Each structure stands twice: as C-alpha cells, then as structure tokens.
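Written below as structure tokens is the structure these notes are about.
There are 2 protein chains.
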Amino acid sequence: MTKGRVTVIDIAQAAGVSKSTVSLVLQGSPLVNEATRSKVNSAMRELGYVYNRGAANLRQASAKSKIIGVVVNDLTNSFFAELAVGVDMVVQSAGFVQFLSNTSESIDRQREVIASMREHGISGLIVSPARATEAVDFKPLVAAGIPVVVVVRSLPGAKVSSIVSDNEGGTSAAVEHLASLGHTRIAFLGGFTDTAVFEERLAGYIDGLNRAGLGFDEELVISSAPSRAGGVDAIGRAIAMGNRPTAAVCFNDAVAFGVCDGLRARHMEPGRDFAVVGFDDVIEAQTAVPALTTVSVDPQSMGRRAAQLLLKQINAGRAEAENVTTAVRLVVRESCGAAQKKIGRKMA
Amino acid sequence: MTKGRVTVIDIAQAAGVSKSTVSLVLQGSPLVNEATRSKVNSAMRELGYVYNRGAANLRQASAKSKIIGVVVNDLTNSFFAELAVGVDMVVQSAGFVQFLSNTSESIDRQREVIASMREHGISGLIVSPARATEAVDFKPLVAAGIPVVVVVRSLPGAKVSSIVSDNEGGTSAAVEHLASLGHTRIAFLGGFTDTAVFEERLAGYIDGLNRAGLGFDEELVISSAPSRAGGVDAIGRAIAMGNRPTAAVCFNDAVAFGVCDGLRARHMEPGRDFAVVGFDDVIEAQTAVPALTTVSVDPQSMGRRAAQLLLKQINAGRAEAENVTTAVRLVVRESCGAAQKKIGRKMA
DNA sequence: TGACAAATTTGGAACGTTCCAATTATTAAG
DNA sequence: CTTAATAATTGGAACGTTCCAAATTTGTCA
C-alpha cells in the first residue's frame, strides 16, 4: 500500500505542522501547545507511526540508545535466567530495554555478542563472563566510556564494577552449621577448580572447618562439573571412599540436587542418611523433596542490584568502578537433617 | 582523548582512500583491490573503529537490521530458556543477533517489549505469547511486513506462522502407554484450563482413553498452576479422592516433578506406588530420580526450527504463513513404573 | 602508441531524526 | 496602539552510513 515507512515528515504534513514540532512532541517537550500536541498524537496513531531509534541515535551522539545489554554464560541454568529477570525489572521501569544473549561459556561467542551489542549502541553492559574471560577483554568497552558491571564471577584486574556474592562467607556458614549438627567429616563437592568462584567457596569451606575446630582433609574436596550430572558423579566418588563423609556442602544447588539423586540411587535418603547443603537457592530448592538447605543468593535481587548500579553509572556519565559483594544467608530446610519439616508454614 | 567516535571518514583519511571505498570494504565487496582492502582493515584496527549499524540501517531502508527478536512468556521456566538457546544457535550462524526479552505473562509488558523491538528495527520476531494474547496484537507487525513466528502456544486466527508441538498426539500416547501397563484410573493433572495448549493436551488425554477402551471421568482432570507447586497441589487433591487414580499424565514436566514431590511427602514412591508421566522432556527429566517418563518436545530443536522458518521468511522477503506441528515422542524412563532401570546405559 | 574494456575508486545525495538559531504568534504592560 | 516579553513554531544543518552514476586507473590487443 503505502510506499516507504511513515516518518515524522508524514506526520507533520498530516497534522499541518513542521517536522520540528513533531520531534518536540516525540520528546514530550513542554514547549509545545496542548492542542497541537494532541493533533500530532492522533496523526501518529492514524498513520501507524513507528519511531526510528536508529536515526535518533545518529543525531544525538551522546544520549546513546536505550538498550542495556546482558550477557550470561549459561542461560539453561535457572540461576542466570532469574538473574536476567531481576535485571529486566529495574531496567524496564527506567525505560530501557534489555538485550539478553547467551554465550554458553564460549569466549568466542562472547566476543561476537559483545561486539554486536556495541554496534547497536548499547548504553551499558551487564555480564557474567564466560570461563576463560580475561580482564583485557573489557578494555575497549571501558575505553569507549560504556559502563560495565560484571556479575557472579569476579574478574581480577579489570577496571569495571562488579557484584559478586559473599561466596566465602556462605560456605563457611554452611560448614559451621553442619558441624553444629554433629558432623565431623564434611565434604566439598562439585565445581571446576579453575574458577574464582570455586576458589572462594573452597576458602570459605576451609575457614568454616577451622572455626568449627575440624581438620582439613584434601581428600574430601571432590570437583566435578557444576551441574546435576556432576553432583551424581561427585557423590558416587565420595561414597566409594574408605572413610566416607557424612555430610557435604556443594558447589551449587544443581550439584546438590545431583547429590540427592545419587544418594537415592544408592538407597540413602538425603537429610536422614547424609546431610547436603547447596549454594544459590534457586526456586526449586524450596519445593524439592526434601527441601534443600542452601546458601541463599537470590539471583533476582542480584540482578536488580546490578541493574541499579549500571543505571547509576549511565546517568552519572562516568562513575568510578565499584565492587560490591552481596550478603548471603544460610536457609536451613530439610536436606541437612536439621528436622524442621513443617508443611504449610506460610501461604504457598 | 579523541573527540567524537571513529567514523568511516576517519578510516578513509588514515588509509588514504575515500569513504566509499571503506564502505565497500565493510560490506566485503569483491570490487575492491586486495591491497587497499588490507590497508583499510589495518586502519580500522588501529583506530578502534566500531561499525554504526544505526546509520547503516537508516540508509538501506529495506535490508533492515540484523536483529531478530525473541519474546518468551516465562524465562524462569527452563523450557523457554532452552528454546531460546536453540534459536540462538541458528540465528547466530546466520550472522544475526538475538534480542531476547521476557514478558512474565504480562500482556502489557509484551506490548512494550515488542514496540521497543520494532523501534530498533528487528527483521523478524519469534514469540511465545503471553497468556491473554489475541491474534490482533500482531496485526501491525505483519502489516509492516515483519515476519513473525509464534511458538509453543498457537494463536488461532492470526495470520502468522506457528510452530507448536503435537500436544494431542503426545498425551494420547502417554495415556495409551499407562493403560498398557495395566492402569485403568489415569488422571490428568495441572495446567490452566483457559489456554489452547491445555485444551489440546486434554483432548489427547481423552483420545488416549478412548483408544485404550477406558471411560472418561471428569473428576480425574485436576487443573492447577503449570508449575512445580501446582503439581504438589494437584496430586494432593487427587489422592484425597475416594476412588483414587493410580497413574497420571501431567500437563508438563514441572507439574510432574511437583507430583513426585507430593507423592514422596505422603510416603509414596513415584514409579512404584504411582505412575507419573510428564510433558516437555526438560533436561532434568533424565537425571532426576526416578528419571521422568515424559513426552519429549526438545525445546532446543523447536527453537532451531522456529529460527530456520523465520530466516526463510526474512530471506524470501514475503513468505506465506506456515503452520507446522512438530512431532513428539514418548520417552519411557522410570517414573511410570515400566521397570527399565539401568544405570549407565550410555555415557553420561 | 592508441583505443577500448575491465577493474577500481570516488564524490555527492539520500535515510529519519534532533538540535540550533531564528522566526512568528500571543500576551502583558505602558 | 505600540513595545516588550513570552510562548510556540520552524527551516536548515548535522549525524554515519550506503547507493548511484561518474571518474579514474590499469590492462589488453592490435
């Protein structure tokens, strides 16, 4: 029907004003008369006008687009999905739109995705880096003045803001809790050893052991993929040991669920026959049977905080790199054996 | 340091050619001499050039951007996360970039998100519609010639392509399988009754009952939220019945997991004391204990197909709406009681 | 060497918006 | 009724790219 797309000029013609006036209306400027404003608005509705942000960005070199990019390393892990949801909440209410991409731990894909986002003129980036990411990978971004917030995995040496959870405090608290229940052989299961997160959680594990007056036995840390399957694998190896552990703090909830699966496959009941504690507090943690005792990170609020920090930097124009570690809280449920099984404590 | 951003003109100057030539290089045109091409390329590297897609789109009115939008209704459901991953795979290898957003079942948010995507000039849209979405909501999109592929939930009356799984065939097969194991009272648990998907799966359930020569008892269909918590709730009501069922096909895997949880909370073992079959085949289905018998939809391949269909339409310029329903396959594991528990059938 | 074809390169003129300075319409004050 | 102030509107000129037609260089063949 109509040839090209509808532009401000078409609107201007239809409303009997100039394109400048239409532009003013578009930006909600107070300079324009109420009568003309509504005239223009109805013309836009009538012609089915769509704003061309590309053209707008072109002109206002500084104001940037209203996109903020989010890059995660594993979207199939519900932790990251929820993180993204948290980001989306605050980003959306600030009138921005989220541009989410998944790297599947591929550093090449990460490079591509970030480059593509730059081309589209994102005004900020929230990223959970893929595994082998280096600090220098973000150099060009910060050089270009694009605020970056790194989440979940810290990136030592990078001059960007970061939000990580208190991994060390979390596992430390978990170990102390298990010790207070009488366990003396407590394992640390799952996770790849070459990540900063692993190191931190392991350090907390050792710290908790010390606080509880228990010795550290290297044999009790068993690494594996940080997934459900990895958990099955790890608990298998733990149980095969001569002097087997009676409890475990796991690298994350996925591993913890796998550990529960593995226990059941060997006719042991998690909570009763073996205590397990997770890390993350994904949604399934509370509805699972037995409900998972875990260190609660609340990915959604982490996402919200990351988004807030990023927006602050975007608005400030040029903010200092800020490093925050979010507090973490041990949520005692059933899988650790601290019997407190009550059905329907609160409304579902 | 440098004032504005680096543009083709800066590159041209540095390389001693004209901006047109730089543009040619950018597009990989065969017209340009090898020597000049590399000269230009190194100039770009040196000055840290970033392509401004906004400006490019402005000029080439037709060619559109290289963004394809993906809108899902619940990112925290891993089914959709995996769907998105599938889309990303093919979209990425075609040189497009994915722009993923979540509506959380909010139809308003869906409108906003789609509007925003249009402003950014997406060249195609894949959407799993929020719950109350109407066919007319996509009218403006198709009128503007933007290809749309609806996935998961069909949208009767909309003139857009769609990819849905064979819901009816799936539940039908599930019921027949349970009947072949000797069950005669088979429930249908979970799901909101006001969705097309529910209707289809329910129809398949009834069809399966008929094929197996069993009668349909309305009392045995118990709806609930399509979530883990909803499953717990539904099985609770099923068990409270006088003439209780001995098996259930569930609206989806999340519900099925909830059903398993609910059974255990009542000291019944899924698979042994009660047969449960899910729908979707999310990744956890195979690692869970007991492994979930379920109708496999493979969200990832569904995502891939959706992306392929969309790309086809984008390339064709103006393709007909195509409605495909993807085949579905009953995967028999442990939760239905058909004992075939073998550990380590294949490599993990 | 001259003429012609092929291979490369190149200045504008768009694209749809915002910004600026300048113009015109309206109101208030004298 | 004039003048000044204020409110509202308006034409270009950008922004960074691609496209087109035209210009230039290079190569080929007699």
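As they're listed, the protein sequences go chains A and B.
Residues in the first sequence are numbered consecutively from 1, following UniProt numbering.
Residues in the second sequence are numbered consecutively from 1, following UniProt numbering.
Think of the CB as a built atom: it goes at the ideal place given N, C-alpha and C, for glycine as much as any other residue.
None of the values given here were measured: they were computed from a predicted structure.
_Residues of its chain near Val152(A), where Cβ-Cβ distance is below 7 Å and the 5 sequence neighbours each way are ignored_ = Same-chain partners within the cutoff: Ser128, Val164.
_Where Ser172(A) falls: helix, strand or coil (DSSP)_ = Note: Ser172(A) maps to helix in three-state DSSP.
*Checking contacts by CB at 8 Å: is Arg53(B) closer than that to chain A?*
Arg53(B) counts as touching chain A.
*Starting from the Cα of Thr184(A), find the closest Cα among Thr195(A), Ala225(A), Gly213(A), Gly157(A) and give me that residue.*
Taking only the C-alpha atoms, the option nearest Thr184(A) is Gly213(A).
_Mapping the DSSP letters down to three states, classify Ser42(B) as helix, strand or coil._
Three-state DSSP puts Ser42(B) in a helix.
*From Val97(A) to Arg304(A), what distance separates their C-alpha atoms?*
If you take the alpha carbons of Val97(A) and Arg304(A), they lie about 14 Å apart.
*Mind reading off the beta-carbon distance from Asn77(B) to Ala254(B)? Whole number of angstroms is fine, and I expect it under 8 Å.*
Taking 8 Å as the upper bound for CB-CB distance, Asn77(B) and Ala254(B) are in contact here, some 7 Å apart.
*Indicate whether Ser335(B) and Pro270(B) have their beta-carbon atoms separated by less than 8 Å.*
With a cutoff of 8 Å on beta-carbon distance, Ser335(B) and Pro270(B) are scored as near each other.
*asked:* By the DSSP assignment, the beta strand (DSSP E) with Gln98(B) in it spans what residues?
replied: It spans 97 to 102 - the beta strand (DSSP E) in which Gln98(B) sits, taken as one unbroken run.
_Where Lys346(A) falls, given that 16 or more other Cβ within 10 Å makes a residue buried_ = Annotation note: pLDDT 33 at Lys346(A) (below 50); position unreliable, coordinate value reported separately. Only exposed fits Lys346(A), as fewer than 16 other CB atoms lie within 10 angstroms of its CB.
*Interface residues of chain A around Asp137(B) at Cβ under 9 Å?*
Per Cβ cutoff of 9 Å: no residues; Asp137(B) is ~14 Å from chain A at best.
*Using a C-beta cutoff of 8 Å, does Asn102(A) count as contacting chain B?*
With a threshold of 8 Å between beta carbons, Asn102(A) makes contact with chain B.
*Exposed or buried, what is Phe138(A) when buried is set at 16 or more other beta-carbons lying within 10 Å of its beta-carbon?*
Only buried fits Phe138(A), as 16 or more other CB atoms lie within 10 angstroms of its CB.
*Top-ranked residue by Cα proximity to Glu134(A), from Arg111(A), Leu125(A), Pro147(A)*: Nearest C-alpha to Glu134(A) among Arg111(A), Leu125(A), Pro147(A): Arg111(A).
*Rounded to whole angstroms, what's the CA-CA distance from Ala265(A) to Val50(B)? Just pull it up for me.*
Taking the straight line joining both Cα atoms gives about 54 Å.
*Counting Cβ pairs, one atom from each stretch, are 3 or more of them under 8 Å apart for the stretch 185 to 199 of chain B and the stretch 108 to 126 of chain B?*
With the cut-off at 8 Å, the stretch 185 to 199 of chain B and the stretch 108 to 126 of chain B do not touch.
*asked:* Closer than 8 Å between beta carbons: that is the criterion. Which residues of the stretch 78 to 100 of chain A meet it against chain B?
replied: Listed by position along the chain: Ser78, Ala81, Glu82, Ala84, Val85, Asp88, Gln92, Val97, Gln98, Phe99, Leu100.
*Could you list the residues in the stretch 281 to 295 of chain A with a C-beta less than 8 Å from some C-beta on chain B, going in chain order?*
For the stretch 281 to 295 of chain A, which is checked against every Cβ of chain B, the residues closer than 8 Å are Ile283, Glu284, Thr287, Ala288, Val289.
*Counting contacts by CB-CB distance shorter than 8 Å, is Ser140(B) in contact with chain A?*
Per the sequence presented here, residue 140(B) reads as Pro, with Ser not at that position. Chain A contact via Cβ: present.
*Going by the beta-carbon positions, is the gap between Gly86(A) and Gln300(A) smaller than 8 Å?*
For the 8 Å CB-CB criterion, Gly86(A) and Gln300(A) form a contact.
*Tell me, please, whether the CB atom of Asp253(B) is closer than 8 Å to any CB atom in chain A?*
Not one chain A Cβ lies under 8 Å of Asp253(B).
*How would you call Ser180(B), buried or exposed, if buried means at least 16 neighbouring beta carbons within 10 angstroms?*
An exposed status is given to Ser180(B), since fewer than 16 other beta-carbon atoms sit within 10 Å of its beta-carbon.
*Quick one: is Asp207(B) near chain A, going by C-beta distance under 8 Å?*
So, not an interface residue.
*Measure from the C-beta of Arg228(B) to each C-beta in chain A and report whether the shortest distance is under 8 Å.*
Yes, its Cβ sits closer than 8 Å to a Cβ of chain A.
*Below 8 Å on the Cβ atoms is my guess for Asp166(A) versus Thr326(A); work out the distance and round it to an integer in Å.*
Indeed, because the Cβ distance is near 7 Å, the residues count as touching under 8 Å.
*Can you name the start and end residues of the alpha helix (DSSP H) that Ala257(A) belongs to?*
Reading off the sequence shown, one finds Phe at residue 257(A), where the question assumed Ala. First-last of the alpha helix (DSSP H) with Phe257(A): 253 to 265.
*Count the other CB atoms within 10 Å of the CB of Met1(A); is the residue buried (16 or more) or exposed (fewer)?*
For Met1(A), the predicted model reports a pLDDT of 40, less than 50, meaning its position is unreliable; a value from the coordinates is still stated below. Looking at its Cβ environment, which holds fewer than 16 other Cβ atoms inside 10 Å, Met1(A) is exposed.
_Alpha carbons only, please: which of Val142(A), Arg329(A), Gly124(A) is nearest the one belonging to Val295(A)?_
Val295(A) has its Cα closest to that of Arg329(A), out of Val142(A), Arg329(A), Gly124(A).
_For the stretch 310 to 317 of chain A against the stretch 283 to 290 of chain A, do three or more pairs of beta-carbon atoms, one drawn from each stretch, fall closer than 8 Å, so that the two count as touching?_
The stretch 310 to 317 of chain A, when compared against the stretch 283 to 290 of chain A, does not touch it at the 8 Å Cβ threshold.
*With distances taken between CB atoms, is the gap from Ser65(A) to Arg53(A) smaller than 8 Å?*
Ser65(A) places its beta carbon less than 8 Å from that of Arg53(A).
_Collapsed DSSP secondary structure at Phe274(A) in the structure displayed_ = In the structure shown, Phe274(A) sits in a strand (DSSP, three-state: E or B).
*Please work out which residues of its chain come closer than 6 Å, Cβ to Cβ, to Gly344(B), disregarding the five sequence neighbours upstream and downstream, and give them in chain order.*
Summary for Gly344(B): the model assigns pLDDT 34, below 50, so the residue's position carries little reliability, and this model does not support an answer.
_Entirely enclosed alpha helix (DSSP H) segments - the stretch 110 to 195 of chain B, minimum 4 residues_ = You should have 139 to 143, 167 to 180.
*Under the three-state DSSP convention, the category Arg333(B) falls into*: DSSP places Arg333(B) in coil when its eight states are reduced to three.
*Could you spell out the range, first to last residue, of the beta strand (DSSP E) harbouring Ile67(A)?*
First-last of the beta strand (DSSP E) with Ile67(A): 67 to 72.
*What in chain B is Cβ-close to Arg118(A), meaning under 7 Å?*
Neighbours of Arg118(A) on chain B, chain order: Val50.
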